[in-house]
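Novice: Per numbering that gives the first Met the number 0: the sequence shown = residues 0 to 112. Glycine included, C-beta positions come from ideal geometry on N, C-alpha and C. None of the values given here were measured: they were computed from a predicted structure. Quick one: the structure is below, and I'll ask about it shortly.
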Amino acid sequence: MSTVTAPDVTLSASAAKRINAILAKQDGADFLRVSVEGGGCSGFSYKFDFADAANPDDHVVERDGARVLIDAMSLEFLQGSEIDFSTELIGAAFKINNPNATAACGCGTSFSV
Numbered sequence: 000m001s002t003v004t005a006p007d008v009t010l011s012a013s014a015a016k017r018i019n020a021i022l023a024k025q026d027g028a029d030f031l032r033v034s035v036e037g038g039g040c041s042g043f044s045y046k047f048d049f050a051d052a053a054n055p056d057d058h059v060v061e062r063d064g065a066r067v068l069i070d071a072m073s074l075e076f077l078q079g080s081e082i083d084f085s086t087e088l089i090g091a092a093f094k095i096n097n098p099n100a101t102a103a104c105g106c107g108t109s110f111s112v
């Protein structure tokens, strides 16, 4: 497990605040896990899970006490990204501002490189 520093992947202040609030209500969960999977309407999709421990190949992104795990394979797709949490009229959600994505779908959870 290694800690990731900019310009790899960053957390916005609003994402860190929301992660801390969510994890405070999750029994046994100490981390938010972000991964990239094949699929979705644009080729790849983001997946969000909870984890109680880091795996040996995980990288940890930290801000204001919030910790996010990213496996080595997903990190390649997320280099330079910012994990954000936004509240809009249509709802509130985590968003990944990914400079590597060449296209994204309307739902914001699927992208292509």
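Just to confirm the assignment: which complete alpha helix (DSSP H) runs, minimum length 4, are found wholly within the stretch 58–105?
Specialist: Within the stretch 58–105, the complete alpha helix (DSSP H) runs of at least 4 residues are 71–77.
Novice: Just checking my contact of residue 31 with residue 22 at CB under 8 Å: how many whole Å lie between their CB atoms?
Specialist: 7 Å
Novice: Do you know whose CA, among 18, 33, 63 and 16, lies nearest residue 57's CA?
Specialist: A check of alpha carbon separations from residue 57 across 18, 33, 63 and 16 identifies 33 as the nearest.
Novice: Distance check for residue 18 and residue 113, CA to CA, integer angstroms please.
Specialist: Outside the modelled stretch of the chain, which goes from 0 to 112, sits residue 113, for which no answer is possible.
Novice: Are the CB atoms of residue 97 and residue 73 within a distance shorter than 8 Å?
Specialist: 8 Å or more divides the Cβ of residue 73 from the Cβ of residue 97.
Novice: Whole angstroms are fine: how far does the CA of residue 78 sit from the CA of residue 6?
Specialist: Note on residue 6: pLDDT 49, under 50, position unreliable in the model; no value is reported.
Novice: Could you give the first and the last residue of the continuous beta strand (DSSP E) run that contains residue 13?
Specialist: Counting along the chain, residue 13 falls outside any beta strand (DSSP E), though it belongs to the alpha helix (DSSP H) covering 12–23.
Novice: Taking Cβ positions, are residue 93 and residue 35 nearer each other than 8 Å?
Specialist: Judged by beta-carbon spacing, residue 35 lies beyond the 8 Å limit of residue 93, meaning their Cβ atoms are not closer than that value.
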